Amino acid sequence: MELKSAIPPGPLAQKWTSAKFTNKLVNPANKRKFDVIVVGAGLAGASAAATLGELGYKVTCIVYHDSPRRAHSIAAQGGINAAKNYQNDGDSVHRLFYDTIKGGDFRAREANVHRLAEVSVDIIDQCVAQGVPFAREYGGMLDNRSFGGAQVSRTFYARGQTGQQLLLGAYSALSRQIGLGNVKMITRTEVQDIVVVDGKARGVVCRDLVSGKVYSLAGDAVVLGTGGYAPVFYLSTNAKYSNCTAIWRAHRRGALFANPCYTQIHPTCIPQTGDFQSKLTLMSESLRNDGRVWVPKKQADCAKPPGSIAEADRDYYLERKYPSYGNLAPRDISSRAAKEACDDGRGVGPGGRGVYLDFSEAIGRLGKNVIAERYGNLFTMYHEITDENPYDVPMRIYPAAHYTMGGLWVDYNLMSNLEGLFVIGEANFSDHGANRLGASALMQGLADGYFVLPYTIGNYLVPMMGKKVATDRPEFKAAEAEVADRTKKLLSTGGKKSAEAYWRDLGKIMWEKSGMARDAAGLKAARSEIAALREEYWKNVKVLGAGDEPNQALEKASRVADFFELAELMVVDGLAREESAGGHFRTEHQTEEGEAKRNDEEFSYVSAWEWKGVGAEPQLHKEPLVYEEVKLATRSYK
Amino acid sequence: MNVKLIVWRQKNPSTPGSMKEYEAKNIPKEASFLEMLDIVNEELIEKNEEPIAFEHDCREGICGSCGMMINGKAHGGFRTATCQIHMRQFQDGDTIWVEPFRARAFPIIRDLIVDRTAMDSVMQSGGFISAPTGCAPDANAIPIPKDVAEYSMDAAECIGCGACVAQCPNGAGQLFTAAKVSHLGLLPQGQAERYVRADNMVTTMEEYFGGCSNFRECEAVCPKSISTDFIARLNRDYLKAQFLPKKPSGKFKNE
Amino acid sequence: METATVSRNGTPWVLAFYRSALGKKAVMAVTGIMLFGFVFVHMLGNLKLYLGADAINHYGEFLRSVGYPLLPHEGALWIARVVLLTAVALHITSAIQIWLMAKESRPEEYTKKEYAIASYASRTMRWGGLIVLAFILFHLADLTLGRTGYEFLEGKPYENIVASFSRTPVAIFYIIANLMLGLHLYHGLWSMFQSLGWNNPRFNSWRNEFAAAFAVIITIGNISFPIAVMAGLVK
Ligand SMILES: Cc1cc2nc3c(=O)[nH]c(=O)nc-3n(C[C@H](O)[C@H](O)[C@H](O)COP(=O)(O)OP(=O)(O)OC[C@H]3O[C@@H](n4cnc5c(N)ncnc54)[C@H](O)[C@@H]3O)c2cc1C
Ligand code: HEM
Ligand code: HEM
Ligand code: SF4
Ligand code: F3S
Ligand code: FES
């Protein structure tokens, strides 16, 4: 299989402009003859569904939530990047492009990232026009803050609820289209399979989560904006429902899965307190604008109250190791540094798994009010969860699984190798390479949905004019039967252990052996453990209740089943990538100083995996990464 | 710690439900309220009983999925989302009543899960600024005073949980709608549709929810502390809309 | 088609307005203000009780002859009566309709429900309002029509008041009813600002004080009369 990335010719900075001209256009009167199925209403899905609706396409939008407003994008706290250069601090499209490529450890596609940087400015304009109440300066102009991996202030924010406000913006645009009848919204419905007819994605199989009814929908194109799958680690900062089912089912139908080993472990999360814990809570990276990260220099000091440890006995390890970026070093680097400090026995809090994020210096310099204005809601959240007041004692933080750079492989037009299947937002692999910089996922989701997909989808649709299929075709019926069978199977194992318990077990394997640092032995062990657990799962998972009524345990069981298969692929990919890059840190491949060591000669490619069956060896396809503009360099934040 | 739970169980939308008693034993006090329910559910599964269904997703107090009546108050009256309540806020040996949000507009789907689509319908009738993708001027073209942006943000923070409706003795959707109308109506961009928005959203709201008698219960349980001042603002905009020389109209729906 | 979602097109404006709950609330607030205005002035007028029989009896006569000869004798009074009666009717109708809407909006009650902060005043608006209504009816029969079993003297409110309030149960009923009215006004006056959208972050804090002050003034004034009679200060 040859991977056609469909990158337009011409100089990097001209590619998107020329693509916009050469893309095929659908005549306005014909748009309503095309049915587009959008799965997901996060930033990516909602913005795409709304924009396609505005353009005149007939859109159906499906979510498993009770409302499109609940997608996990709502939880994003810190902000969204854009190359507006409102601060006059030297930002530009090129700089955003470069920072993102470098942040991704030179494992992302140049053309995509450049396009992302270009449209970033339009996103901010669009959001403001929709009424997103971004933070302002007293003069009424937009305010910015800094985020990791950048030396300019280009992050726009709305208190600590940027994702919420952006999603509400997209949701309101979507609501308008629903009200106008251009978008049909289907909630509490899970897409459980993609229907492929003659090699093209032509529809989806849905399961109504209230009635349990399984049915199909046919369309001219299917768009997946189904988000990330970090909950494969069980404990993560993602929402409990976030899962891989839609993309995994598409993968099983032929869509290639790219870079599954690139996972982001976020450095600033509230540490775990016990085994009962169901999720971890992120403390936005923006906190590192004013918070200083440290651990005691001496192991003996770890149990002491932080206030009693003298300045000279504190190790501000990020400032020490990366003087030019300091506390704003990128996520992968900060996470590993925290792990190192804790592995060195200098961690604080329960189990020694935590480091301090200290605001006392900033509070002294700026006053409590300024800090409260900037981070008030994050401080309150921390206080509510931990019962400790971060205005008085430093926060304790520890890394946690947060974001998945990998996802379905897509070309420049955001179409997967399975024609007619478009993948947007966190669900695809496209823009972040091996590590995502803070505040750039929101940017990517909205770029894909508002400004890219609506332009590129025409290329596929124009020749599809008049080639509709109906849901009574055997392909649809077969897929429906498979979904129904699977449900039945999960309900009838007669097993003993809950899906939740299996999920925890899986998470533990993933976190320990495929987490912040990996090695070949661990990954190999993980692979066989996962496979064994998966087999046991299908024999012993206990799902009570029926399939024709609301049944959350059944929903969970079905998602966990997919996590098992995905986890195996993540491990396989991690094993195959014999280098360290961004979020993928192989302990065998590090510099003397313990930094990630890439191997550009052999691994400057995207790994795109083809499904070959449960437990079977997946097949690797490589898309070479060609850098015309940037010079590959060792990433340095010193 | 140990607590006794009295929980509403209802199999599906059409079967009547009832309150059932459960013992929650050995719950760590650091656990969140939902984690306590997780623990109880795992034990129920162990005993071949179906787990208690409840809505949740982000578990960080932002998605608005979770929400139930705890000891007779929406979100337990803690002014946070249910998922942000922790067991340390209860005493060992407490009896805790757990019920779904109740309102005609919120039919029960199962146990503690209710259908809140009515709130989406209110949004669809006007909860937006009509600014199709691509039409926007530069983001800094309209300066917005910081105070205005902040005040708008105070309203915009609403997480759409429906606690206001659940707690309101009238089952009114006023606080939610007020938050939405005020968020957009306070901003310069939202002026063009300000009155038609208020008019349409109130009309839709009243199809589903009761009227407001200014009990202010809503504000007291709102996880985002949305102020009832916004209700006055909503009322004013709505009344103004009625007294405009020409009835406001806008293309909000295909008819 | 370029129309608003509002399906009220065609219905006369006033009806369409009144059909909405917010319209009802506006009506309730406006009539509430009128009733409040009446009760306040009425209380002030009644204070003449303390100036002696002549003062208040002349005042009563004055009310009957206001506007004369432009209006017939008792003309202005009748206009006021009609306006007040309409206000009371609208006030009660809209209050009951909102009450019914509230009941419909939650067909199934909670097994356990606690108030979070709602004031006692706000919680007693409905039953309290009905008690006030019962009071008004009794009061009209008592001091206007003189049908409550004492020796009623036409045009002599001073003597009537003293005669009526000398019966302890009646005086106590007056006191209770007026305390109820005080509560009703306390929440009502604040609520009125909300209903009519009179809010402004700069004066919001004293809306409550305004309501409390007037509720207290009217209540103290009104309950002082039966107390004064019972205490023998007014004979
Ligand atoms: C705590 C947290 C904080 C973050 N903060 C930031 C930040 O400050 N800046 C930043 O840039 N990024 C941030 N991110 C990352 C960013 O929020 C996400 O990557 C991004 O929002 C993903 O958007 P999405 O539209 O791709 O997916 P989501 O928002 O996850 O939406 C997925 C949608 O798909 C639907 N769905 C999924 N599967 C199915 C199915 N099978 N059937 C039907 N529907 C389905 C869901 O219902 C949902 O509507 C943060 C992430 C987390 C977890
Ligand atoms: C006659 C019997 C009365 C009844 C049954 C009655 C009932 C009510 C009720 C139920 C409300 C609250 C309505 C709601 O918000 O849902 C209310 C509000 C109010 N009432 Fe009365 N009331 C009566 C008399 C009066 C009188 C005599 C006054 C004035 C002296 C008055 C003044 C007000 C005011 C100012 C409000 C506030 C209106 C608002 O909320 O906007 N009422 N009344
Ligand atoms: C204790 C306090 C009160 C006293 C002493 C009092 C006294 C009187 C008297 C003496 C009259 C007869 C006047 C006349 O016929 O010349 C009267 C009439 C009336 N009062 Fe009161 N009153 C009191 C409280 C109230 C209250 C609280 C209300 C309303 C809620 C009220 C409503 C009326 C009305 C509607 C009339 C009839 C006016 C008319 O049409 O003639 N009164 N009152
Ligand atoms: S106003 Fe408050 S209580 Fe009501 S939906 Fe919004 S956040 Fe929830
Ligand atoms: S509690 Fe209900 S009555 Fe109004 S002020 Fe809040 S909506
Ligand atoms: S689970 Fe999202 S707000 Fe509680």
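Quick note, the sequences are listed as chains X, G and D, same order.
Going by the working numbering, the residue at position 83 of the first sequence is 83; the numbering climbs one at a time, nothing skipped.
Count along the second sequence starting at 1, add 1000, and that's the number in the working numbering.
Count along the third sequence starting at 1, add 2000, and that's the number in the working numbering.
Backbone N, C-alpha and C fix where the C-beta goes; we use that ideal spot for every residue, glycine too.
Keep in mind it's a predicted model, so treat the numbers as computed, not measured.
When C-beta atoms of the segment 1134-1150 of chain G are compared with those of the segment 1081-1091 of chain G, fewer than three pairs fall below 8 Å, so the two segments do not count as touching. Residue-level contact check: D1229 of chain G touches chain D, since one or more beta carbons of chain D fall below 8 Å from its beta carbon. Taken in chain order, the complete beta strand (DSSP E) segments of 3 or more residues contained in the segment 325-376 of chain X are 355-358. In this structure, A1163 of chain G has its CB closer than 7 Å to one or more heavy atoms of ligand 4. Cβ contact annotation for E629 of chain X (same chain, cutoff 7 Å, sequence separation greater than five): L12 and E110, in chain order. Only those residues of the segment 2106-2129 of chain D whose C-beta falls short of 9 Å from the nearest C-beta of chain G are listed: R2106, P2107, E2108, E2109, Y2110, T2111, K2112, K2113, E2114, Y2115, A2116, I2117, A2118, S2119, S2122, R2123, M2125 and R2126.
Here Q164 of chain X is not near T1133 of chain G, since their CB atoms are 8 Å or more apart. DSSP lists X:V204 as the bridge partner or partners of L217 of chain X. If you check the C-beta of C1135 of chain G against ligand 4, you find no heavy atom less than 7 Å away. When DSSP states are grouped into helix, strand and coil, R2081 of chain D belongs to the helix group. In the structure shown, the three-state DSSP call for A441 of chain X is helix. CA-to-CA, the gap between M464 of chain X and E419 of chain X works out to about 11 Å.
Contact between the segment 387-395 of chain X and the segment 353-363 of chain X is established, with three or more Cβ pairs separated by less than 8 Å. For V2132 of chain D, the CB contacts under 7 Å within the same chain, skipping 5 residues up- and downstream, are A2177, M2180, L2181 and H2184 in chain order. Closer than 8 Å to the CB of I457 of chain X there is not a single CB belonging to chain G. Three or more beta-carbon pairs separated by less than 8 Å link the segment 43-54 of chain X to the segment 446-463 of chain X, which places the two stretches in contact. At least one heavy atom of ligand 1 sits closer than 7 Å to the Cβ of N238 of chain X. In this structure, E1060 of chain G lies near T281 of chain X, with their beta-carbon atoms less than 8 Å apart. When C-beta atoms of the segment 250-261 of chain X are compared with those of the segment 407-418 of chain X, three or more pairs fall below 8 Å, so the two segments count as touching.
Ligand 3 has a heavy atom closer than 7 Å to the beta-carbon of H2139 of chain D.
Taking 8 Å as the Cβ-Cβ cut-off, the segment 277-302 of chain X approaches chain G at Q277, S278, K279, T281 and L282, given in chain order. Not flagged as an interface residue toward chain G: W2078 of chain D, since no C-beta distance is shorter than 8 Å. In the DSSP assignment, K1020 of chain G falls within the beta strand (DSSP E) that extends over S1018 to A1024. Membership of S607 of chain X in the beta strand (DSSP E) is indicated by the continuous run Y605 to E610. Within the segment 1138-1166 of chain G, there are no complete beta strand (DSSP E) runs of at least 3 residues. One Cα belongs to S2094 of chain D, the other to E2108 of chain D, and the distance between them is close to 23 Å.
With a cut-off of 8 Å on Cβ pairs, the segment 1156-1164 of chain G is not in contact with the segment 204-217 of chain X, counting fewer than three such pairs. C1168 of chain G has its CB nearer than 7 Å to a heavy atom of ligand 5. In this structure, G227 of chain X sits near A427 of chain X, with a CB-CB distance shorter than 8 Å. When the Cα atoms are used, R69 of chain X and H94 of chain X turn out to be separated by approximately 33 Å. In this structure the segment 2207-2226 of chain D touches the segment 2034-2054 of chain D; the number of beta carbon pairs closer than 8 Å is three or more.
Flagged as an interface residue toward chain G: S175 of chain X, by a C-beta distance shorter than 8 Å. Taking every protein chain shown into account, the CB of S335 of chain X has 16 or more other CB atoms within 10 angstroms, so this residue is buried. By the 16-neighbour rule on beta-carbons within 10 angstroms, Y1238 of chain G is buried. Assignment of G458 of chain X by DSSP, reduced to helix, strand and coil, places it in the helix class.
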